[in-house]
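Asker: Sharing a structure with you now.
Residue numbers (my numbering): 1093 to 1477.
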């Protein structure tokens, strides 16, 4: 990881902002409405190094810090949050491989992930296992020099357009505690028995594939067991999700910022009762609250990113950032819609898209109800209660 100067960060964010303005915004509304995957954006994202933001330079990545990553995700999400999703779980998988993979696994996977030749996904959630990850039913049984995977995963972003998935599976169904029987595997396409099941139609986050993945006697080499040791998958994924929650918080800040900017522009132009609605106390008060909450969410997110860069455990800080930023995003997008009045409810204006995208951050990467439990437990540990 390279600590980035403020000037370099500004330059990087400026490049991403230019990409959003020139390539993303012109297609965002139509692609969202028609649920079209923005495949034509991927080559430019590869050229910008967006698939290798935090992957170390020695493996072909940019090696940037978490704060810069958060700024990039924020900027992408201001344009269209689904574009940030193209690289979201990809970077969680890169974190799993980079932090816990063997040297051979890093050398084999990370350079191709950094270039975008390998585009990663994360296979955790199952039809009967969401927040309770330890209840997964997917199994991996040893057979010679291979494991045989059976089961299914649900709500998998990049499951269709990605070509590699970090999959949690039970290698010891009888382990106590349960998490000691869970391992993480990298499964690459094509693989016999590995297929895409149902395609999931969503309220928001449209234009990005969200699918069911099916594993029917899929054979995976022992070389694809992350870290080369069974029973480590649960802790490996939880650690990587700290980074994932920071990028979800950053996305929430980006969507909230876009909604706020749309609202203040509209309020400055729309007139009612002889003056701009921005000059009415009720609207002015809303704008002040929105801006204050967004800035607080941004600072929480950047602080979590900074602590992640310092090393060590940041589930408390990442959980707080994800919880607060996503709730703020939900509030701000609703207020932006209300400021627009009837115009906020029609497809002609982007605020309805922001409003539909916002709930994903509340639910995804661990629901906010679970975040509160994590935060409370860490606080009790911290204060020795």
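Don't be surprised by glycine CBs; every beta carbon is placed ideally from N, CA and C.
CA-CA distance, residue 1174 and residue 1254?
Answerer: Those two C-alpha atoms are separated by around 14 Å.
Asker: For residue 1159, which of helix, strand or coil comes out of DSSP?
Answerer: helix
Asker: Round the Cβ separation of residue 1425 and residue 1386 to the nearest angstrom and send it over; I've been treating them as touching at under 8 Å.
Answerer: With a Cβ gap of about 11 Å, residue 1425 and residue 1386 do not count as contacting.
Asker: Since residue 1544 contacts residue 1359 with CB under 8 Å, what's their CB separation in whole angstroms?
Answerer: Residue 1544 lies beyond the stretch modelled for the chain, which goes from 1093 to 1477, so this question has no answer here.
Asker: Using only the alpha-carbon positions, how far apart do residue 1429 and residue 1330 sit?
Answerer: Straight across, the Cα-Cα distance linking residue 1429 with residue 1330 is about 35 Å.
Asker: Starting from the N-terminal side, write out each stretch of the alpha helix (DSSP H) that is 4 residues or longer and does not extend beyond the segment 1164-1207.
Answerer: You should have 1173-1192 and 1195-1207.
Asker: Use the C-beta contact count for residue 1472: other C-beta atoms within 10 angstroms, 16 or more gives buried, fewer gives exposed.
Answerer: exposed
Asker: Buried or exposed for residue 1437, going by 16 or more other Cβ atoms inside 10 Å?
Answerer: exposed
Asker: Start and end of the beta strand (DSSP E) containing residue 1245?
Answerer: From DSSP, the beta strand (DSSP E) with residue 1245 extends over 1238-1249.
Asker: Compare the Cα-Cα distances from residue 1459 to each of 1444, 1446 and 1419 and report the closest residue.
Answerer: Nearest C-alpha to residue 1459: 1419.
Asker: Please report the straight-line C-alpha distance between residue 1291 and residue 1125, rounded to a whole angstrom.
Answerer: 16 Å
Asker: Does the Cβ of residue 1468 have 16 or more other Cβ atoms within 10 Å, making it buried, or fewer, making it exposed?
Answerer: By the neighbour-count rule (16 or more Cβ atoms within 10 Å), residue 1468 is not buried but exposed.
Asker: Alpha carbons only, please: which of 1339, 1229, 1106 and 1432 is nearest the one belonging to residue 1412?
Answerer: When only C-alpha atoms are compared, the closest one is 1339.
Asker: Just to confirm before moving on: does the CB-CB distance between residue 1274 and residue 1323 stay below 8 Å?
Answerer: Cβ atoms of residue 1274 and residue 1323: closer than 8 Å.
Asker: Could you give the distance in angstroms between the alpha-carbon of residue 1313 and the alpha-carbon of residue 1321?
Answerer: CA-CA distance, residue 1313 to residue 1321, rounds to 13 Å.
Asker: So who's on the other strand from residue 1231, going by DSSP bridges?
Answerer: 1242 and 1262
Asker: Can you give me the C-alpha to C-alpha distance between residue 1408 and residue 1470, rounded to a whole angstrom?
Answerer: 6 Å
Asker: If we ignore side chains and look at the alpha-carbon of each, how far apart do residue 1279 and residue 1231 end up?
Answerer: In this structure, the alpha-carbon of residue 1279 lies about 13 Å from that of residue 1231.
Asker: Measuring alpha carbon to alpha carbon, tell me which of 1410, 1466 and 1096 ends up nearest residue 1156.
Answerer: Nearest of 1410, 1466 and 1096 to residue 1156, Cα basis: 1096.
Asker: Is the CB-CB distance between residue 1202 and residue 1215 below 8 Å?
Answerer: no
Asker: Put residue 1379 into one of helix, strand or coil per three-state DSSP.
Answerer: Helix at residue 1379.
Asker: Quick one: measure Cβ to Cβ for residue 1151 and residue 1198, integer angstroms, because I've assumed they're closer than 8 Å.
Answerer: 6 Å
Asker: Can you tell me which residues form a DSSP beta bridge with residue 1214?
Answerer: Answer is 1258, bridged to residue 1214.
Asker: Mind pulling the alpha helix (DSSP H) runs of 4 or more residues that sit fully within the segment 1379-1458?
Answerer: 1407-1432 and 1443-1455
Asker: In terms of DSSP beta bridges, what is residue 1280 paired with?
Answerer: 1256
Asker: Are residue 1111 and residue 1136 touching if we call contact CB-CB under 8 Å?
Answerer: yes
Asker: Can you list, in chain order, the stretches of the alpha helix (DSSP H) that have 4 or more residues and sit fully within the segment 1313-1374?
Answerer: 1325-1361
Asker: Taking the beta strand (DSSP E) that residue 1143 falls in, what are its first and last residues?
Answerer: Looking at the DSSP string, residue 1143 is not in any beta strand (DSSP E), and its letter there is neither H nor E.
Asker: To the nearest angstrom, report how far apart residue 1186 and residue 1143 are at their CA atoms.
Answerer: 9 Å
Asker: Decide if the segment 1233-1253 is in contact with the segment 1294-1308; the criterion is three or more beta carbon pairs, one per stretch, under 8 Å apart.
Answerer: yes
Asker: What separation, rounded to the nearest whole angstrom, lies between the Cα atoms of residue 1342 and residue 1161?
Answerer: 9 Å
Asker: Does residue 1381 have its Cβ less than 8 Å from a Cβ in chain B?
Answerer: Absent here is chain B; the protein component of the structure consists of one chain.
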